[in-house]
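Numbering (the numbering used here), first residue to last: 2 to 124. Before any comments, here is the structure.
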């Protein structure tokens, strides 16, 4: 069973988002498990403007390459250089050191509560 922290919001594309602004964004434990060993991250640069629901990067694992979707609209204010240098952090600590981006939010996207996300992944 994947971990789904109750204090986060989630996208249907398996990204998590903290409250407030700037928000921190990462991929869920469920997504990290499904991907397998993450070996490469392609993330937007600081200053990039994201649109909720649009592709904002790629995550490559030993199994596949998947697109990352922006769960909010806004401007990237920080990229996790540690995770880019050591992509395995995404698997080891998806809700901790394996975070991906920090974004100053202009508009939140359609986000799910922990309960709604659990229903999505368990259903």
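Glycine residues also receive a C-beta, built at the ideal position from the N, C-alpha and C atoms. Predicted model, so just to flag it, every value in this text is computed and none were measured.
Neighbourhood of residue 118 by C-beta distance below 7 Å, restricted to the same chain and skipping five residues each side: Excluding residues within five positions, the ones whose Cβ falls inside 7 Å are 5 and 11.
State the beta-bridge partners of residue 27 as determined by DSSP. Paired residue(s): 17.
Alpha carbon of residue 77 to alpha carbon of residue 68, nearest angstrom: If I take the Cα positions, the gap works out to 17 Å.
What would DSSP say about residue 118, mapped onto helix, strand or coil? Residue state, collapsed to three classes: helix.
Does the Cβ of residue 71 have 16 or more other Cβ atoms within 10 Å, making it buried, or fewer, making it exposed? It is buried - the Cβ of residue 71 has at least 16 other Cβ atoms within 10 Å.
From residue 113 to residue 74, what distance separates their C-alpha atoms? Going by the C-alpha atoms only, they are around 16 Å apart.
Locate the alpha helix (DSSP H) running through residue 47, then write down its first and last residues. The continuous stretches of alpha helix (DSSP H) do not include residue 47, and DSSP gives it neither H nor E.
Could you give the DSSP three-state label for residue 90: helix, strand or coil? The DSSP-derived three-state label of residue 90 is helix.
What's the call for residue 63, buried or exposed, on a 16-neighbour Cβ count within 10 Å? Result: exposed.
Sort 25, 47 and 115 by Cα distance to residue 98 and report the nearest one. Ranking the options by Cα distance to residue 98, first place goes to 25.
Measuring CB to CB, does residue 66 end up less than 7 Å from residue 44? A distance of 7 Å or more separates the beta carbons of residue 66 and residue 44.
Within a Cβ cutoff of 6 Å, which residues of the same chain sit near residue 2, ignoring the five residues on either side of it in sequence? Any reading at residue 2 needs caution, since the residue's pLDDT is 46, under 50, leaving its predicted position unreliable; the model's value is listed next. The same chain holds no residue with a CB closer than 6 Å to that of residue 2 once the five nearest residues on each side in sequence are set aside.
With distances taken Cα to Cα, identify the nearest neighbour of residue 52 among 120, 109 and 123. Ranking 120, 109 and 123 by Cα distance to residue 52 puts 109 first.
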